[in-house]
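The sequence shown runs 3 to 47 under the working numbering.
All residues carry an ideal CB built from backbone N, CA and C; glycine is no exception.
Note that the structure is a prediction, hence the values are computed from the model and not measured.
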Amino acid sequence: VGGDVAVWFGELDEPHTEGQLRVRALDPELVWLAHEHEPWRPRTV
Numbered sequence: 003v004g005g006d007v008a009v010w011f012g013e014l015d016e017p018h019t020e021g022q023l024r025v026r027a028l029d030p031e032l033v034w035l036a037h038e039h040e041p042w043r044p045r046t047v
């Protein structure tokens, strides 16, 4: 669960803040934002 990391999924797709960059550095399969009903998943290439 990512608290105070991102407001919307686009912020994890294109991270800018230290918190967003740290989350992406963990290479997660999914991230739950506290206020969303579905998890964020990294885009597959």
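Mind reading off the beta-carbon distance from A95 to G5? Whole number of angstroms is fine, and I expect it under 8 Å. Lying before the first or after the last residue shown, residue 95 is absent from the chain, which here runs from 3 to 47.
Do you know how far the Cα of T46 is from the Cα of P32? Checking the sequence, you will find Leu at residue 32 rather than Pro. Computed Cα separation, rounded: 12 Å.
When the Cα atoms are used, what is the spatial distance from G21 to V7? C-alpha separation (whole angstroms): 6 Å.
Compute the Euclidean distance between the alpha carbons of L23 and D15, then round it to the nearest angstrom. L23 and D15 have their C-alpha atoms spaced approximately 10 Å apart.
Within 10 Å of its beta-carbon, does V25 have 16 or more other beta-carbons around it, so buried, or fewer, so exposed? It is buried - the Cβ of V25 has at least 16 other Cβ atoms within 10 Å.
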